[in-house]
Every structure is written in C-alpha cells, then in structure tokens.
Amino acid sequence: MDFKLKVWRQKSAKEKGSFHTYEVKDISPDTSFLEMLDIMNDQLIRAGADPVAVNKGCQSDQPVAFDHDCREGICGMCSLYINGRAHGPDDDITTCQLHMRKFKDGETITIEPWRSAGMPVIKDLIVERNALDKILQAGGYVSVNTGGVPDANTIPVPRDDAEESMDAASCVGCGACIATCKNGSAMLFVSARVSSLALLPQGKIEAARRVKEMVAKMDELGFGACTNTRACEIECPKSISISHIARMNREFLLAKLKD
Amino acid sequence: MSEKLNSKIPEGPLSEKWTRHKSQIRVVSPANKRKLDVIVVGTGLGGASAAAALGELGYNVKVFCISDSPRRAHSIAAQGGINAAKNYPNDNDSVYRLFYDTIKGGDYRSREGNVYRLAEVSNPIIDLCVAQGVPFAREYGGLLDNRSFGGSQVSRTFYARGQTGQQLLLGAYAALNRQIHLGKVESFTRREMLDLVLIDGEAKGIIVRNLITGEIERYGAHAVVIATGGYGNVFFLSTNAMNSNGSSVWQCFKKGAFFSNPSFAQIHPTCIPVHGEQQSKLTLMSESLRNDGRIWVPKKKEDVEKLREKKIKASQIPEEDRDYYLERRYPAFGNLVPRDVASRAAKERCDAGFGVNETGLAVYLDFKYSIERLGKKVIEERYGNLFQMYEKITDVNPYNEPMMIYPAIHYTMGGLWVDYNLQTTIPGLFSIGEANFSDHGGNRLGASALMQGLADGYYILPYTIGDFLAGKIQAKKTDTSHPAFDEAENAIKAKIDKLFAIKGKEPVDHFHKKLGHIMWDYVGMARNEEGLKKAIAGIKKLREDFWKNVYVPGEKSELNQEVEKAIRVADFLELGELMAMDALDRRESCGGHFREEMQTEEGETLRDDNNFMYVSCWEHQGIEKDPVLHKEHLNYEFVKIATRNYKD
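Top to bottom, those sequences are chains X and G.
Residues in the first sequence are numbered consecutively from 218, following the working numbering.
Residues in the second sequence are numbered consecutively from 618, following the working numbering.
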C-alpha cells in the first residue's frame, strides 16, 4: 500500500509549526501505524545521510519525533491525531494498535499532535502531559503507608463495584479525552481516578478531600469545563464511560455540601 | 572467588533468616533520615515502590524516568497476575511451596535464602495493594479471586483482568504521587541515566541526559538505586517496550559492578508471531491464557500444508488429527508447564515442520473447549481485553479461530549481582527488580516478576538500605562539583559528540536489527559452541561497523530520539557480546539456557550440577578487554536438588 502523509512539524515549543508532506510506498496492510512512521523516518534519515540525494533536491528533513513506548496499547505514551481523530480511525485502541489495513491504498493521511492548551507541543508530534501527573499528585491515592495494613480479605468488595472500579482504573492517561474535547476539559481523565477509588471501601474514607483537591488542581491548571458532548467517551481507547464524570460531580457536590 | 562476592545470606533455618537479618541490621533514626538523599532510577514496580516506601520513611528521594510520566514504565504491560502464598483457595499452598516452585522453576540456579524471603513477603504485598485500592478480581462474595500460572499446581495468582501490571503500577505510582505531593520525593521525567558517579569507590550520583533539552545534568546522593528493568531489547524484537534498554546497568557494570548470569534470558511461549521485516516489536499474549487455552499443532503434514496455503481453517481439523503436544509430553502440568519448557516444545514442533502459518513459526492456542465448557461470557470476562488486542493486531477473531502464537524474548533473569541486602559490588549502589539477577535462577515463573519488583521495592530495600545509610549519617551532602562528576560528564559529552561526528550512512535501527538477528540466531532459544563463537565475532565486527558507519541526524541540544537510540544501541553492542560469552562458558543446559550439546534423549535440559552450580559474575576490565569471570557457588541446604519433572 502507498500513502501520502501530511505531518505536523514543529521544531520546538517556541517555534511555529507547519505541515510537511512525505510519501511511503509498499507498506504491508499488517504493518502497524507506528511501524509505518518508523519506515517514514528511516527514509528521512537515509535521505539526510546521503549527500548526493540531498544535492539532487531530495527531502532532507529530520526524522519526525513522536511519543511511543510499549506498542501494545497500555502505557499511554503514544498519542496522535490521525485524520481528525484521536488515535485514528478505529475504535477502542491506542495509535500503536492501529494497523494500515484500516486505511485505503493511496490515501492521504493527516497526522497532528494533541492540540490542547493544557498539553503544549514540545516537538513535532510530542506534547507535554505533566499536568496529568500534577492532578493525580493532588489527591489521586489512598493515603496508606507500606506496612501496617490489614489482611487483604478483611476488606470485602462487592464484585460489581470492583468491576466498575476496574473499568475506570483502566485509563492509560494518554490525554485523548482532553485533546478531543472542544473545551479542553480533563473531566474524563480526572473522574476515572476519582470514581475508581470512590467505588471501593478503601477509597471512601478520604473521598471528599480527594475530589475537592483534584478538581481544584484541574481548574488551576486551566483545563476547561465539561459540557456533556461525550466526545471524550467516544475517543477513549479504553471506552471509559462518562458515567464516571457523573459520579465525580456527585462526589464533588456532596463534598462541597459538607464544607 | 572474588572477596567482593559475599552474599551475606544469614545463618539459620530458612524460615528465620529474614527475621533474624532484619533484627541484626542497623536502622536510621527519623531525624537522620531527613539528612540522607537517595536516588532511584526507574519507576516501574521496583523503582516506584522503592521511591514511595523510602519517601514514607523520611529519606529525601529523587526519582528518574525516561518517559513523560512514571506511570509509563513497562511493568504496566504485565498482564496475567502476581503470585502470593495466601492459600485463599485452600489448595495447600504455603510460603514453602511458593519458594520450592520458584527454586525448581529456576532450575536450581538461584539462592535459597533470597527466594524464601521473596515467598515470605509475597503476602503483605497483596495486603498493601488492596489497601491502596488496586481493583483485583473478586468472587461474588466480595473476596479475592485466584488463578493458576505455569510451573505450579496451585492457584496463587492474583489478577486484575489482563491488566495486573497496570493496576499494580498505578498503585505504586499513586503511592509515589502522594510522596511527591508531600515533598519527600522529587520526580524527574524524560531523563535518561547515562553514567554512574563514584567517589572514593562509592556510588554518589548519576549523570543524566534531559531528553527534552539535550542538556547533561548531574545529581548527587548518599546512595543510588538502579531499578531500570531488563535488557531484552538487545534482541531488537522482544515484548519489551521500545524505550526499555540496558544502558544504566551497563554503565554500572563498566564502573565496576559485577554482572551476573547475563545469558539467562526468558523466551515467552505465547506471543503473537512475527509478521514481517517491518515489525518493530512483539506482543505478548498472557500466560494466564494457558489456564483455559490448549496448545496444539496438526498431527498430519498435509493439514499443515493446507493451513499454510489457507485452504482450510484450524477449526476444520478434526479432534483426532490434533497434537496437544504439551499435554502429551507433560501430563502432570499439561499446558501449564514453565515458560522455557513450553517455548522449546513449540520450537521442537515447528522445527519438525508442523508450524501452522506461512513462515512455519506458529502454533495454536485454542479456546474452543473452554468456550464450550464455560460459555463465551466467562471467557470474555477473564480475557476480554487480550482477545480484543489479538483481534486488533491480527484481524482474526479468537472466539472463532484459535490464536496463533510463537515464543519471543520477554524477560532477562540476569542482571547486576546483588547480595542479600540488594547491594551490588559497589558500596552504595543497590539494584532491584528485573535489573538485578537475584531470584529467578535460569527461568522465571509467570506472575513472579511483579512479585519480585514489589517485594524488593516495598519490603526489602527499605530495610536493607538502612543498614548502609546508617553509616552515612555524618556524611555531608554529595557535592556535584566534585571532579568525579566533571570526569563522568565530560566522558558522556565526548561519547555523544563522537556519535554525531561519524556521519555514516546507516540509521541506528539498521545496526540494532542486525544485532537482533545475531542474538536470536545464536544466543536465543537454542545455543551451541560454534554458534556462540560466531555470535561473539559477529557482534565485535558489527560494533566496529557501528562506530564507523552510523548516522545520527539532528542536534545534540534538542529532543533527538535518534541520539537516544544510538547511545542505547552502542551499549547493547557490548552487552550482547557478554551474553554470548556467558552462554559459551556455561556448558550445561538449565532453565531458559539451552545448550544443544547438553540435552537428554527426550530433548530436555541437562544440567551439570558438579561443574555449573554457580552464579556467573563478570567483572569489567576496560574497553575492548575481556571481562573476568568470578563464580558465586550455590549451596543448597534445604531443597533436594533434582531433575525438573513436569510429567508426573
């Protein structure tokens, strides 16, 4: 399969970016999207290494920087807006799990970084997501120390609650929800953690403090408000439901009422 | 034996060693802990749990990771579960049985004292994780559920769907976040450790590259903890994450830390097969699938031909024409034999011409019987995310057709040598989790990596590092303007300049892929003397070629993923040679290390306990000089050594 790639290039956070177009040929449909980018980068590097080719006017761009790590959909490192969709034109996956068989031969593919005020571009397709860590640092935990905890089975948890908590906990922290939201809201991300812990007896003890501090941090960092468009839920690679946002709102309201 | 190799295993009965040791080692008072600095490199299960636990105790911790967040560390990708000797299912499990299974699974090449301690602390890990809010799978009564893993006849594995590593790491990351919030831990992201700094022979700091700006930075402490995982990416194709690398352990080795059992690499039997030359990594399908999946190939060659030509589907092959070779060869453990045994058995069938895909390198993992027995819904609950992942990658629905799998490099049992305190041969340098060599011998059992990472980080290192730091309460803060830091930083800068200056023709990946081929062909699932010698010569040649012909584009003072890779591959080109040397030295087969010359008539591993009952410990002698081999002899006081038997 052959493709034309329109890729966002931006040298650093301070400089302006623009689209550059590259071509890749003879790509197997079983190749993953990131492997296709590896092939594109290999071409760019080889062109840059070949002075004859450069003199003839061939492309000599630097390879495109993009975040990736586990390449099996769990680390949350890969991002990318592909043809206008976070993680590309397939459901319930991260970009690293996207395969070229999902595209048409000869297609032009547009590849952009996450675009959201809370996640500025560092270089090319790589964005800064430290804000997500900061929100979790504000309260996304149960305050227990190592040692001195009771036997695991002294804390029974109804199976359905554990399963729902697990649904929320499967968030990989990729930022697709924020990038997709027209308001740049981090509500799905934050609520996934709040809800996961609020569903468990272990997490209930400091639930009020947790939700208030995490929401305050989210607001402080400039993330937008939720207007229930559900775009986040649709693009979430782990299909995390916006019902967690509803639970967070309930938790938040209850916590505020107690103040 | 080198005098540095004092394993410090306490005297006394197995079950009392750790308790006795804890009561004898020194502790640091809270007031003094506040004065002491610890660097933790890596934020997987080992690093995150250690940094959190040390912060809780009151030490000043600096933690470093190469990703944009500690949560990305590759522990996150562990799927199946974590072992513990809770005996909740009432199936006669115990600390001793977990210890024994681990020693036996490791083919009698690990230390009894360490492994017993690991089994002992396995239970509080589960307690802690539950208290942290890890959503483990539960029964309808609200209590924790268990499943089975390879190499064991009890169900002792706790799990959170197929995402146990993720959930445990999020637990440790949350504990770490809490300490960051409290100001006890400082987190440095997108930093890669490039050297260890020694002052007067002790580990006093690290040199890192800021991956965003390209700046070289220095950090000092009273002790350094290496928790950077394994070096499986030396094979290029592996189940490791793309950024996982061996550079930090390799720099420690070059600064004098002994490297143990480098050749012990685990090949995981159930990975999605290689599809072509453009492939960048291999995806694991959890071992937990072997609870309910049956592994087979056709009995008849003509069926194999038809499958390869896609004339028939696997589901059309009748029951009597299927060879469930694990059940046939190992009736007692069946599909749940340890990983090394299952991997070799798959290779044996494929080498005999029964591989079921176009490349001839795949076997089936079939859920038909479990779906018939339990219903699709139960299978979906247990493995839904794995089935989805498989379908997304291969475009085949595993509910209808069996999965195709083949072994792939997954984990490295070898690593930095450590004593019972998890201290390397360099005072003040500790190593935990996959980065050390300690607990898994020649083969790691499934669901034991998570156990070891968290055991080291939460429950062992926080005690043992105190014994070292108690001697440092009068020591001043490490001064990073010390000449040792200048020297290390200058060396790194020179190395980076040299890489840019080569201006060759080939990208870094070209060399990495070539190295991977050499490693897989000669230092992979089956090894022999001739092949290993070829590998050593081939790697040397490739290394020379790399330093003449690699091309690193871009600038050093910017985010530059090519120079990151180049530094890592330069180290792999040295580490790979050491792996081959170690495999050549060990003229026996044990665990995942299979020397073709040493096998039984049935093709099983043949150990040589008289000559190889040791941990190999390699000491660096300088660039382009052969390292020296020291041996730590293993004394089995409690377990009767036997040939591993998974048949009856």
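All C-beta atoms, glycine included, are put in the ideal place defined by N, C-alpha and C.
Predicted model only: the values in this text are computed from it and were never measured.
Can you list the residues of chain X that residue i reaches, using a CB-CB cut of under 8 Å?
i, result
"G:G1045", "Correct list: empty, because the minimum Cβ distance to chain X is about 22 Å."
"G:I743", "A369"
"G:R826", "Simply none; closest approach about 15 Å."
"G:E1179", "I262 and P280"
"G:H691", "D286, C287 and C292"
So for residue i, helix, strand or coil by DSSP?
i, result
"G:F875", "coil"
"G:E1011", "Checking the displayed sequence, the identity of residue 1011 of chain G turns out to be Thr instead of Glu. Note: G:T1011 maps to helix in three-state DSSP."
"G:K1248", "strand"
"G:V995", "helix"
"G:F853", "coil"
"X:G390", "coil"
"X:F220", "strand"
"G:L622", "coil"
"G:A820", "strand"
"X:G364", "coil"
"G:L1116", "helix"
"G:G675", "coil"
"G:H1210", "strand"
"G:T1042", "coil"
"X:W225", "strand"
"G:R689", "helix"
So residue i packs on residue j, CB below 8 Å; how close in whole Å?
i, j, result
"G:K923", "G:D938", "That belief does not hold up - the Cβ atoms of G:K923 and G:D938 are roughly 11 Å apart, past 8 Å."
"G:F875", "G:H1210", "Rounded, the Cβ-Cβ distance is 19 Å, inconsistent with contact."
"G:G767", "G:E904", "6 Å"
"G:G1032", "G:F1054", "4 Å"
"G:R1224", "G:E1249", "At roughly 17 Å, the Cβ-Cβ gap does not stay under 8 Å, so G:R1224 and G:E1249 are not in contact."
"X:P280", "X:I262", "5 Å"
"X:E452", "X:A386", "With 8 Å as the limit, X:E452 and X:A386 do not qualify as a contact, their Cβ atoms being about 19 Å apart."
"X:A464", "X:G356", "In the sequence on display, residue 464 of chain X carries Arg and not Ala. That pair is no contact at about 16 Å."
"G:A1072", "G:S739", "7 Å"
"G:R911", "G:T887", "Actually they are not in contact, since the Cβ atoms of G:R911 and G:T887 sit about 12 Å apart, beyond 8 Å."
So residue i contacts chain G; which residues on that side make the cut at Cβ distance below 8 Å?
i, result
"X:E423", "Those within 8 Å of X:E423 in chain G number zero; the least Cβ separation is about 11 Å."
"X:S413", "G750 and P752"
"X:N347", "D685, S686 and T806"
Along the alpha helix (DSSP H) that carries residue i, what are the first and last residues, could you check?
i, result
"G:V747", "E729 to Q749"
"X:I395", "A393 to T397"
"G:H1283", "Residue 1283 of chain G lies beyond the residue range present for chain G, which begins at 618 and ends at 1265; the question has no answer from this structure."
"X:C449", "A448 to E452"
"G:A694", "Element bounds for G:A694: n/a, residue is neither H nor E."
"G:G837", "First-last for G:G837: I833 to G837, but that is the beta strand (DSSP E), not the alpha helix (DSSP H)."
"G:E1161", "E1146 to N1166"
"G:T781", "T781 to H798"
Ends of the beta strand (DSSP E) at residue i?
i, result
"G:F716", "Element bounds for G:F716: not the beta strand (DSSP E) but the alpha helix (DSSP H), V712 to G722."
"G:I816", "R808 to I816"
"G:Y1028", "M1020 to T1029"
"X:K340", "V338 to K340"
"G:S1233", "Y1231 to E1236"
"G:P915", "R911 to P915"
"G:A840", "A840 to I843"
"G:V658", "D654 to V658"
"X:F236", "S235 to V241"
In chain X, what lies closer than 7 Å to residue i by C-beta?
i, result
"G:S903", "Within 7 Å Cβ-Cβ: nothing; G:S903 doesn't reach chain X, min ~11 Å."
For residue i, which residues in chain G fall below 7 Å Cβ to Cβ?
i, result
"X:E340", "Looking at the sequence itself, residue 340 of chain X is Lys, so the reference to Glu does not match. Ordered by position in chain G, the residues that pass the 7 Å Cβ test against X:K340 are L1176."
"X:I256", "Q895"
Which bits of chain X does residue i rub up against, with CB to CB less than 9 Å?
i, result
"G:H892", "S245, D247 and T248"
So that I know if they touch, is there some Cβ in chain A lying closer than 9 Å to that of residue i?
i, result
"G:I1090", "Looking at the structure shown, chain A is missing, and the protein chains on hand are X and G."
Which chain G residues sit within Cβ distance under 9 Å of residue i?
i, result
"X:E329", "Those within 9 Å of X:E329 in chain G number zero; the least Cβ separation is about 17 Å."
"X:A266", "K1120, G1121, K1122, E1123, P1124, Y1168 and P1170"
Interface residues of the segment 350-377 of chain X facing chain G [CB-CB below 7 Å]: Residues passing the 7 Å Cβ filter: D350, L353, Q354, A355, G357, Y358, V359, S360, V361, N362, T363, V366, P367, D368, A369, N370, I372, P373, V374, P375 and R376.
Chain-ordered residues of the segment 231-245 of chain X with a beta carbon less than 8 Å from chain G: Residues of the segment 231-245 of chain X with a C-beta less than 8 Å from any C-beta of chain G: I244 and S245, listed in chain order.
Proximal residues, the segment 1117-1149 of chain G versus chain X, C-beta separation under 9 Å: Among the residues of the segment 1117-1149 of chain G, those with a Cβ less than 9 Å away from any Cβ of chain X are K1120, G1121, K1122, E1123, P1124, V1125, D1126 and H1127, in the order of the chain.
Interface positions of the segment 378-401 of chain X facing chain G (Cβ-Cβ less than 7 Å), listed along the chain: The residues in question are A379, S382, M383, A386, S387 and G390.
Members of the segment 728-760 of chain G near chain X, C-beta cut-off 9 Å: Going along the segment 728-760 of chain G in chain order, one finds N740, P741, I743, D744, L745, C746, V747, A748, Q749, G750, V751, P752, F753, A754, R755, E756, Y757, G758, G759 and L760 with a Cβ nearer than 9 Å to chain X.
Residues within the segment 699-714 of chain G neighbouring chain X, beta-carbon criterion of under 9 Å: So the list reads A701, K703 and Y705, given in the order they occur along the chain.
Against chain X: residues of the segment 1007-1025 of chain G by CB proximity under 9 Å: When C-beta distances to chain X are compared with 9 Å, the residues of the segment 1007-1025 of chain G below that value are K1009, I1010, T1011 and D1012, in chain order.
Proximal residues, the segment 768-783 of chain G versus chain X, C-beta separation under 7 Å: Taking 7 Å as the Cβ-Cβ cut-off against chain X, the residues of the segment 768-783 of chain G that qualify are A777, R778, Q780 and Q783.
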